[in-house]
Structure formats: C-alpha cells, structure tokens
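Undergrad: Once you've had a glance at the structure underneath, I'll fire off some questions.
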Amino acid sequence: MSEALWHAAKVILGEDADPEGEQADLLSALLYEVGMEGIEIRDQAHPPELVVSFPPHLAPADITVSVIEALEEAGMPYQSVMVEAVAPVDWANHWRQHFTPLCFGRLWVVPTWLEPPPHAEEVLVIDPSSAFGTGLHATTALCMERIDALSPVKRVLDVGTGTGILALAALKLGATSAVGTDNDPEALRVADENAEQNDLQDRLTLTGADVSEIAETFPLVVANILSGPLVDMAPALARTVARGGRLVLSGILGTQADDVVAAYVAEGLLEPVVTPRDEWVRIDLRREG
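Going by my numbering, the sequence shown opens with residue 693, and the numbers climb by one from there.
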C-alpha cells in the first residue's frame, strides 16, 4: 500500500514581505498551532514564497482557511495560497542538520541523535519530533534561562508543554514534580517519550486539560505560547500561581508585551519584568507571599 500523500500549502508572499522577520516568526508559531509539520522559505524567489507542509488527515479546504487566517493574524502580506498533494517529508530528520547541543546555565539540551559534551553537568535529551520546543527558538531559550535561575523549586506547571522541554528542564534542575498541559495529543505523546528518555516519567504528569480545570497552585508556572491565548487565559493562569510563586511567560512579541503585562497585573500579579531577545520577550511576574 502506498504511503498517504501529504499537503503542501504554497504561499506567494507580497512584494514587500519579509519571510524571516518578526511577522514570519509569529506566522510560524500560528501555523504550528494548526498542524503544520514543516515550512520551507524560498526567499530567492521574487516575490518570496513559503511552502508549508501538513499531514494527510487534514482537509485541503481547512488547510487553506487556516493558512490564510494565520497570514492575516501575523500581518504577513501575501498574494495567494494554493494547497496541493505531495510526497511525505520526514521533517524530524530533515531538521536534524540544524540542531546542536545547547547550554542554558547548568543544563545542556541535547537532541537524541547527538552525544552530550563531556563536561556537561546536567543533560536533558530531547527528540523534537513535530512538537514545538527544542531550545533553538528565542522564546524557549528565554524560558530555559529563567527556569535555571529560579531552580530548584518544588512543583512546576508548564502550560502548552510541547515537547515537554520546560517541565523536564525544571525536573532536571531539582523540581520534585511537574505538570505539563497541552491541547495537542501529538505534543503530549512527544513529551511523554522525552520524559521516558530522561527517566523522568514518574515525576511528570501530562494532561490535555484546560488550565481553568487545574485546581492546584504551583511555586513556578511557565507558559510559552502566543500573546492572544495568554491574555485570554490570564484569570485562570494567574490563579495557578501559589503565594510567593513566580510566573514566566513567553511566546510574546515585543509589541504585544504591554497588553500581556496589563492582563496579569489586573489579576494581582506583581513586579513585571520584560526581557527582550530579538523581536520576542519574556515576562516575569510574582504573586505576593
């Protein structure tokens, strides 16, 4: 039986579009949320083009709508979107050439196919698969650095866990236990495999529950998702921060930071600190002890 064909959305961008700028980063994050498995930037074309890969189970009409909505939300100028059937691409292996061991304070993050540096103090082995979160992206790096600075803490909540990298990093750095939430079953599967790879499965609880359903509070809560969802979930997410606890937010463009800060200050969180990297920021807050 032949392998099912995938879908490729070919996007012809506007003449003035920057396929590697701030809008492109936001577009990529939005496309991941709707099932994108990989993206190819053809910036030598004039105008530039994007080829976005989606798995077979998604309907072409739904893909077209999702891509157009993502383009418009990201503010990326475009001329047309066309979806066609293509041979499947092994994106996990295709991207391997881009991954190297990365150091965040005491912790090295190493992909499964590479050996850690001999001098590495703590090592977290990650298989990115198709879930978001490898340490390569600025938002993940910003969160990893803050987790290192705040560790060890007793319990951690990681909202939008993706590969599980942030929850697992906290466990490697001394947390007793962690909870990771994600509404993507594939992300939960990958996070579970990464927990087993690092012998942390007994200390990580994974759930598809909405953050509003989480009754516990945690001394450290991290959420590396987009600014829109962060603002929407501010009342529920703020309630999960224990007295004296810390909240770490990222996935936020610098231009969106004020809105996110305002949403969480309105929920009683204090002392917002905004840390920029490239066009992205991390926002740190705390609850009064």
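For every residue, glycine included, the Cβ atom is placed at its ideal position computed from N, Cα and C.
When DSSP labels each residue in this structure, what does Val957 get in the three-state scheme?
TA: Position 265 of the sequence shown holds residue 957. Here Val957 sits in helix by DSSP.
Undergrad: Using three-state DSSP, classify Ser822 as helix, strand or coil.
TA: For the purposes of this step, residue 822 is identified with residue 130 of the sequence shown, where counting begins at 1. Reliability of the predicted coordinates at Ser822 is poor, the pLDDT of 48 falling under 50, and the value obtained from them is presented with this limitation in mind. Here Ser822 sits in coil by DSSP.
Undergrad: Cα-Cα, which of Gly767, Arg979, Gly730, Val973 is closest to Ala833?
TA: Within the sequence shown, the letter at position 141 stands for residue 833. The candidate whose alpha carbon is nearest that of Ala833 is Val973.
Undergrad: When the Cα atoms are used, what is the spatial distance from Ala883 to Ile704?
TA: Sequence index remark: in the sequence shown, residue 883 carries index 191 (1-based). Sequence index remark: in the sequence shown, residue 704 carries index 12 (1-based). Their Cα atoms are separated by approximately 34 Å.
Undergrad: From Gln715 to Pro964, what distance separates their C-alpha atoms?
TA: As a first step, residue 715 must be located in the sequence shown, where it is residue number 23. As a first step, residue 964 must be located in the sequence shown, where it is residue number 272. Near 25 Å, if we compare the C-alpha coordinates of Pro964 and Gln715.
Undergrad: According to DSSP, Ala862 sits in a beta bridge with which residue or residues?
TA: Sequence index remark: in the sequence shown, residue 862 carries index 170 (1-based). Answer is none; Ala862 lacks a bridge partner.
Undergrad: Thinking just about the alpha-carbon of each residue, which of Gly797, Tyr724, Lys846, Pro808 is nearest to the one in Leu763?
TA: The residue labelled residue 763 in the question sits at position 71 within the sequence shown. Relative to Leu763, the option among Gly797, Tyr724, Lys846, Pro808 whose CA is nearest is Tyr724.
Undergrad: Taking Cβ positions, are Val845 and Leu912 nearer each other than 8 Å?
TA: As a working mapping, residue 845 is identified with position 153 in the sequence shown. As a working mapping, residue 912 is identified with position 220 in the sequence shown. Yes, the pair counts as a contact, with Cβ atoms nearer than the cut-off.
Undergrad: Determine the direct distance from the alpha carbon of Pro793 to that of Val801, and round the result to whole angstroms.
TA: In the sequence shown, the residue the question calls residue 801 occupies position 109. In the sequence shown, the residue the question calls residue 793 occupies position 101. Answer to the nearest angstrom: the Cα atoms are 6 Å apart.
Undergrad: Report the partner residues of His699 according to the DSSP bridge assignment.
TA: As a first step, residue 699 is located in the sequence shown; it is residue number 7 there, counting from the start. According to DSSP, which records beta bridges pairwise, His699 is partnered with Phe746, Ala777.
Undergrad: Let me know if Ala823 comes out buried or exposed under the rule of 16 or more other beta-carbons within 10 Å of its beta-carbon.
TA: For the purposes of this step, residue 823 is taken as the residue at position 131 of the sequence shown. Only weak support exists for where Ala823 lies, its pLDDT of 43 falling under 50; the value from the coordinates is given anyway. Counting other Cβ atoms within 10 Å of its Cβ, Ala823 reaches 16 or more and is therefore classed as buried.
Undergrad: Just the C-alpha distance for His699 and Thr831, rounded to the nearest angstrom, thanks.
TA: Within the sequence shown, residue 699 is the residue found at index 7, counting from 1. Within the sequence shown, residue 831 is the residue found at index 139, counting from 1. Taking the straight line joining both Cα atoms gives about 28 Å.
Undergrad: In angstroms with no decimal places, state the Cα-to-Cα distance between Gly866 and Ser843.
TA: Numbered from 1 along the sequence shown, position 174 holds the residue referred to as residue 866. Numbered from 1 along the sequence shown, position 151 holds the residue referred to as residue 843. Using only the alpha carbons, I get a separation of about 7 Å.
Undergrad: Nearest to Thr947 by CA position, among Leu718, Ala696, Ile906, is which residue?
TA: Residue mapping note: residue 947 aligns to position 255 of the sequence shown, counting from 1. Minimum Cα-Cα distance from Thr947 among the listed residues Leu718, Ala696, Ile906 corresponds to Leu718.
Undergrad: Which value, in whole angstroms, describes the spacing of the CA atoms of Glu732 and Leu898?
TA: Residue mapping note: residue 732 aligns to position 40 of the sequence shown, counting from 1. Residue mapping note: residue 898 aligns to position 206 of the sequence shown, counting from 1. Taking the straight line from one Cα to the other gives about 31 Å.
Undergrad: When burial is assigned at 16 or more other CB atoms within 10 Å of the CB, is His811 buried or exposed?
TA: Position 119 of the sequence shown, counted from the first residue, corresponds to residue 811. It counts as exposed.
Undergrad: Gly900 by DSSP, collapsed to three states: which one?
TA: Residue mapping note: residue 900 aligns to position 208 of the sequence shown, counting from 1. Gly900: coil per DSSP, three-state reduction.
Undergrad: With 16 as the cutoff for other CB atoms within 10 Å, does Val903 come out buried or exposed?
TA: Numbered from 1 along the sequence shown, position 211 holds the residue referred to as residue 903. The residue is buried, with at least 16 neighbouring Cβ atoms inside 10 Å.
Undergrad: Measuring alpha carbon to alpha carbon, tell me which residue in Val726, Lys702, Pro752, Gly706 is nearest Leu918.
TA: For this step, residue 918 is matched to residue 226 along the sequence shown. The residue with the shortest Cα to Cα distance from Leu918 is Val726.
Undergrad: Could you have a look at Ser942 and say whether DSSP puts it in helix, strand or coil?
TA: In the sequence shown, residue 942 corresponds to position 250, counting from 1. Here Ser942 sits in strand by DSSP.
Undergrad: Please classify Pro810: does DSSP put it in a helix, a strand, or coil?
TA: The residue you call residue 810 lines up with position 118 of the sequence shown. Three-state result, Pro810: coil.
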